[in-house]
Amino acid sequence: MSAPGSADNPLRVAIVGSGPGGFYAAEALLKSGLTVQVDMIERLPVPFGLVRFGVAPDHPKLKQCTAVFDQVAQSSHFRFIGNVTVGRDISVEQLQSTHHAVLFACGAELDRRLGLANEDLPGSHTATEFVGWYNGHPDYRDRQFDMSGETAVIVGQGNVAIDVARILCKPVDDLRTTDIAAHALEVLAASRVREVHLIGRRGPAQASFTAKELRELGELNGCEVRVSSDDLQLGPVCLQELENKGNFNAVKNMETFRGWSTRSAQPAAKRICFHFFQSPVAIAGTSRLERIELERNTLTGLPFGQSAQSTGLTSELACNLMFRSIGYRGVPIPGVPFDAARGIFPNMAGRIGTSPGLYAAGWIKRGPSGIIGTNRADAVATVQGLLADLTELDARPRAGADALSEILGPHRPMVSYADWRRIDQEELRLGAAAGKPREKLTRVSDMLDLVKRSRHSMQPINIAQSIGSSS
Ligand SMILES: Cc1cc2nc3c(=O)[nH]c(=O)nc-3n(C[C@H](O)[C@H](O)[C@H](O)COP(=O)(O)OP(=O)(O)OC[C@H]3O[C@@H](n4cnc5c(N)ncnc54)[C@H](O)[C@@H]3O)c2cc1C
Ligand SMILES: NC(=O)c1ccc[n+]([C@@H]2O[C@H](COP(=O)([O-])OP(=O)(O)OC[C@H]3O[C@@H](n4cnc5c(N)ncnc54)[C@H](OP(=O)(O)O)[C@@H]3O)[C@@H](O)[C@H]2O)c1
33 MSAPGSADNP LRVAIVGSGP GGFYAAEALL KSGLTVQVDM IERLPVPFGL VRFGVAPDHP
93 KLKQCTAVFD QVAQSSHFRF IGNVTVGRDI SVEQLQSTHH AVLFACGAEL DRRLGLANED
153 LPGSHTATEF VGWYNGHPDY RDRQFDMSGE TAVIVGQGNV AIDVARILCK PVDDLRTTDI
213 AAHALEVLAA SRVREVHLIG RRGPAQASFT AKELRELGEL NGCEVRVSSD DLQLGPVCLQ
273 ELENKGNFNA VKNMETFRGW STRSAQPAAK RICFHFFQSP VAIAGTSRLE RIELERNTLT
333 GLPFGQSAQS TGLTSELACN LMFRSIGYRG VPIPGVPFDA ARGIFPNMAG RIGTSPGLYA
393 AGWIKRGPSG IIGTNRADAV ATVQGLLADL TELDARPRAG ADALSEILGP HRPMVSYADW
453 RRIDQEELRL GAAAGKPREK LTRVSDMLDL VKRSRHSMQP INIAQSIGSS S
């Protein structure tokens, strides 16, 4: 039997996940010149992964990639199957019986942990929970963040930490015209948080903020930024790192920090304070978070390989709210090898295991780093590997999505791309009424309700009442 990819035996690929990794892989497959059918399976009824649920609401331009994803979805060789979780509703083995290849682009949805006692004390949260909550992710919709205290701490110095700091410190009126979830807006409007401390275990030259995102913190209305000039005195190895031509982002960040350290203090309603060379070593409080203990570090190692070593010097920081923003790890799926230390599906250039058929793209392939665009080249490389394996795949024709519907049965409602468009239209309509670009539906039940009703009657429904309600 000839390799799949012809009109009489289309190459059927199941893509698990509908974030950038999944959509860029679908695009590469559809452009391959072969006859391909892509079935994209997504656990939520809505597509786009972290583009919808991660990218900050006040950064709408960064979501414009969804126009490209929309184009991909218009292909008659593409099918979106939302509201189906691989590993729960359908097994990997079943997918392998319905498709020639399975490509995982399921992201990295869990957090790394600090490994400290009291990490889950009330008041201590992950950035993931907070980001998911303000972006209307159904999993985090009902989380509660007590913002009645004045001081918040963010552990980690990457772009996610910056997003969290900015959302906490931006004047709430500047958020009202974004697609931030209504329930979050309500809580942020009443927030008493006025001081946010960003804690990094290494120095300012190692912080992984991108220069533009860092500078933006200094431009927030009513918010001052503080950095101690002592922390900006760099040792010889850090200076060597900054001399490297490829390290221009860190050079720009240093310029930004130096500018802030010499600014005279202005009266401001809110304040963001950077702390470097500090690791949290204890989280304390009787029934809820009251303070964290920090240990001062020094850096040891070669350029670009410097790690934080404790000096034994400790200090305390009183706080009411803490967000751990120290990176992500993937969620294992039964039937797929998992590297627990790195939190990824172990792979060789996207190929999982030794026999062809299972592939990975995006964060589950390489770990939680890189911006949206990084996932395009990454997914293209995986698809090239898949196409190179074509003659080694089991060539027997597969039934694809039709067989999936049979396996899932009538009790697992699947959401199509047309259904998503209906949800999209409703969100745009609700948004327009509220003076926002979009008002997201934040409950899976509301999404499925809307899909069901629109399929039957195509009549608009009134779900506005459930938006913003905390029940
Ligand atoms: C808070 C945050 C903000 C960010 N902001 C920006 C930004 O402003 N600009 C930028 O360029 N980059 C940003 N990034 C990075 C960017 O979002 C990622 O590079 C990108 O989303 C990774 O794509 P992915 O497809 O690997 O994963 P994801 O986008 O996470 O997509 C994974 C998808 O798989 C689905 N899924 C998971 N498990 C299953 C399963 N078992 N069955 C079916 N479906 C499943 C998930 O629901 C999700 O839709 C941000 C990241 C974070 C965490
Ligand atoms: N606007 C945007 O473009 C945007 C917005 C959000 C996210 N993103 C992207 O999404 C990716 C993920 O972002 P991220 O902020 O989660 O990751 P990140 O850039 O990897 O930052 C993680 C931070 O956590 C620290 N850390 C890790 N383990 C720690 C520990 N045990 N104790 C203390 N600190 C620890 C790291 O310090 P060390 O350096 O010492 O390890 C680092 O400061 C990045 O590529 C980012 O650029 C982009």
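Going by the numbering used here, the sequence shown opens with residue 33, and the numbers climb by one from there.
Glycine is no exception: its CB is placed at the ideal position from the N, C-alpha and C atoms.
- Identify which residue in Ala431, Ser448, Gly405 has its Cα closest to the Cα of Gln96. For the purposes of this step, residue 96 is taken as residue 64 along the sequence shown, with counting starting at 1. Nearest C-alpha to Gln96 among Ala431, Ser448, Gly405: Gly405.
- Thinking just about the alpha-carbon of each residue, which of Pro92, Leu246, Ala350 is nearest to the one in Gly155? Indexing the sequence shown from 1 puts residue 155 at position 123. Looking only at Pro92, Leu246, Ala350, the smallest Cα-Cα distance to Gly155 is reached by Ala350.
- In terms of residue numbering, what span does the alpha helix (DSSP H) encompassing Gly53 cover? Locating residue 53 in the sequence shown gives position 21, where the first residue counts as 1. Here the alpha helix (DSSP H) through Gly53 covers 52-62.
- Task: Look at the alpha carbon of Gly367 and the alpha carbon of Ala314, and state the distance between them as a whole number of angstroms.
- Result: Position 335 of the sequence shown holds residue 367. Position 282 of the sequence shown holds residue 314. Cα-Cα distance, rounded: 38 Å.
- Taking DSSP as the reference, what is the three-state secondary structure of Ile404? Your numbering for residue 404 matches position 372 in the sequence shown. Ile404 falls in the coil class under three-state DSSP.
- Message: Could you check if Val192 belongs to the surroundings of ligand 1, using beta carbon to heavy atom distance under 7 Å?
- Response: Residue mapping note: residue 192 aligns to position 160 of the sequence shown, counting from 1. Yes - ligand 1 has a heavy atom lying nearer than 7 Å to the Cβ of Val192.
- Task: Report the option in Ser437, Gly432, Met479 whose CA atom is closest to the CA atom of His131.
- Result: For the purposes of this step, residue 131 is taken as the residue at position 99 of the sequence shown. Nearest of Ser437, Gly432, Met479 to His131, Cα basis: Gly432.
- Message: I want to check one thing, is the minimum distance from the CB of Asp195 to the heavy atoms of ligand 1 below 7 Å?
- Response: Counting from 1 along the sequence shown, the entry for residue 195 is found at position 163. Yes, ligand 1 has a heavy atom inside 7 Å of this Cβ.
- Query: Using 8 Å as the threshold, is the segment 356-375 in touch with the segment 328-341, meaning 3 or more CB pairs across them?
  - Reply: no
- Message: For ligand 2, is there any heavy atom lying closer than 7 Å to the beta carbon of Glu161?
- Response: Taking the first residue of the sequence shown as 1, we reach residue 161 at position 129. The answer is no for Glu161.
- Message: Taking 7 Å as the cut-off, is the beta-carbon of Arg234 closer than that to any non-hydrogen atom of ligand 2?
- Response: To locate residue 234, count along the sequence shown from 1; it is residue 202. Remark: the shortest separation between the CB of Arg234 and any heavy atom of ligand 2 falls under 7 Å.
- Can you tell me the Cα-Cα spacing of Ile122 and Asn379, whole angstroms? Numbered from 1 along the sequence shown, position 90 holds the residue referred to as residue 122. Numbered from 1 along the sequence shown, position 347 holds the residue referred to as residue 379. The straight-line gap from Cα to Cα measures roughly 22 Å.
- Message: Considering Cα atoms alone, identify which of Asn281, Ala413, Asp71, Glu438 is closest to Lys244.
- Response: As a first step, residue 244 is located in the sequence shown; it is residue number 212 there, counting from the start. Ranking Asn281, Ala413, Asp71, Glu438 by Cα distance to Lys244 puts Asn281 first.
- Message: Let me check one thing: in DSSP terms, what residues is Glu227 bridge-paired to?
- Response: Your numbering for residue 227 matches position 195 in the sequence shown. Bridge partners of Glu227: Thr183, Arg303.
- Query: Is the CB-CB distance between Val45 and Val68 below 8 Å?
  - Reply: Locating residue 45 in the sequence shown gives position 13, where the first residue counts as 1. Locating residue 68 in the sequence shown gives position 36, where the first residue counts as 1. Between Val45 and Val68, the C-beta gap is smaller than 8 Å, which places the two residues in contact.
- Task: Name the residue from Arg323, Thr294, Val225 whose alpha carbon lies nearest to the alpha carbon of Phe177.
- Result: What you label residue 177 is simply residue 145 of the sequence shown in a count that begins at 1. Among Arg323, Thr294, Val225, the Cα nearest to that of Phe177 belongs to Val225.
- Where His131 falls: helix, strand or coil (DSSP): Position 99 of the sequence shown, counted from the first residue, corresponds to residue 131. Looking at His131 - three-state DSSP - the assignment turns out to be coil, as it is neither helix nor strand.
- Task: Would you identify the three-state DSSP class for Leu460, choosing helix, strand or coil?
- Result: Start at 1 with the first residue of the sequence shown, and residue 460 comes out as number 428. The answer is helix: DSSP assigns Leu460 an H, G or I state.
- Query: Start and end of the alpha helix (DSSP H) containing Thr160?
  - Reply: For this step, residue 160 is matched to residue 128 along the sequence shown. Run containing Thr160: 159-166, per the alpha helix (DSSP H) assignment.
- Task: Check each candidate in Phe80, Gln126, Ile47 and name the one with the smallest Cα separation from Ala435.
- Result: Translated into the one-based positions of the sequence shown, residue 435 becomes position 403. If we check each option's Cα against that of Ala435, Gln126 comes out closest.
- Would the beta-carbon of Tyr360 be found less than 7 Å away from any heavy atom of ligand 2? Here residue 360 refers to the residue found at position 328 of the sequence shown. Flag set: Cβ of Tyr360 near ligand 2.
- Message: Using C-beta distances below 7 Å, list every residue in its chain close to Leu249, excluding the 5 sequence neighbours before and after it, in chain order.
- Response: Your numbering for residue 249 matches position 217 in the sequence shown. Around Leu249: Ile194, Ala197, Arg198, Val257, Ile304.
- Message: Is the separation between the beta-carbon of Pro312 and that of Val187 shorter than 8 Å?
- Response: Taking the sequence shown and counting its residues from 1, one reaches residue 312 at position 280. Taking the sequence shown and counting its residues from 1, one reaches residue 187 at position 155. Result yes, Cβ atoms of Pro312 and Val187 sit closer than 8 Å.
- Item | Meets three-Cβ-pair contact criterion under 8 Å: the segment 47-59 and the segment 135-147 | yes
- Task: Report all residues from its chain with a CB closer than 7 Å to the CB of Pro388; omit the five preceding and five following residues, and keep chain order.
- Result: Taking the sequence shown and counting its residues from 1, one reaches residue 388 at position 356. Once the five neighbours on either side are set aside, the close Cβ partners of Pro388 are Asp421, Glu424, Leu425.
- Distance CB(Thr183)-CB(Asn352) smaller than 8 Å: By 1-based counting over the sequence shown, the position of residue 183 is 151. By 1-based counting over the sequence shown, the position of residue 352 is 320. Yes, Cβ-Cβ distance for Thr183 and Asn352 is below 8 Å.
- Query: Under the DSSP definition of a beta bridge, which residues are partnered with Pro312?
  - Reply: On the sequence shown, position 280 is the one that residue 312 refers to. Answer by DSSP bridge pairing, in chain order: Leu326.
- Go through its chain and collect everything with a Cβ distance to Val48's Cβ below 6 Å, but skip five positions before and after it. Position 16 of the sequence shown holds residue 48. Counting only Cβ-Cβ distances below 6 Å, and skipping sequence neighbours, we find Ile73, Val118, Phe136, Cys138.
- Would the beta-carbon of Thr288 fall within 8 Å of that of Leu230? Taking the sequence shown and counting its residues from 1, the one referred to as residue 288 is at position 256. Taking the sequence shown and counting its residues from 1, the one referred to as residue 230 is at position 198. Their beta carbons are not under 8 Å apart, which means Thr288 does not touch Leu230 by this criterion.
- Message: So within the segment 394-457, which uninterrupted beta strand (DSSP E) runs reach at least 3 residues, ignoring any that extend past its ends?
- Response: none
- In angstroms, rounded to a whole number, what distance separates the CA positions of Gly418 and Tyr449? Position 386 of the sequence shown, counting from 1, holds the residue named residue 418. Position 417 of the sequence shown, counting from 1, holds the residue named residue 449. One detail in the question is off: residue 418 reads as Leu in this sequence, not Gly. Leu418 and Tyr449: Cα-Cα distance of roughly 25 Å.
- Item | Beta-carbon proximity of Gln310 to Arg233, cut-off 8 Å | As a position in the sequence shown, residue 310 is number 278, starting the count at 1. As a position in the sequence shown, residue 233 is number 201, starting the count at 1. Yes, they are a contact pair.
- Query: When the Cα of Ile283 is compared with those of Glu227, Met354, Ala237, which residue comes out closest?
  - Reply: Looking up residue 283 in the sequence shown gives position 251. Note that residue 283 is Val in the sequence shown, not Ile. When only C-alpha atoms are compared, the closest one is Ala237.
- Query: For Ser110, which of Val87, Asp71, Pro92 has the nearest alpha-carbon?
  - Reply: Here residue 110 refers to the residue found at position 78 of the sequence shown. Before going on, a small fix: residue 110 reads as Phe here, not Ser. For the residues Val87, Asp71, Pro92, the minimum Cα distance to Phe110 belongs to Asp71.
- Would the C-beta of Pro400 count as close to ligand 2, meaning under 7 Å from any of its heavy atoms? Residue 400 sits at position 368 when you count from the first residue of the sequence shown. Answer for Pro400: yes, Cβ within range of ligand 2.
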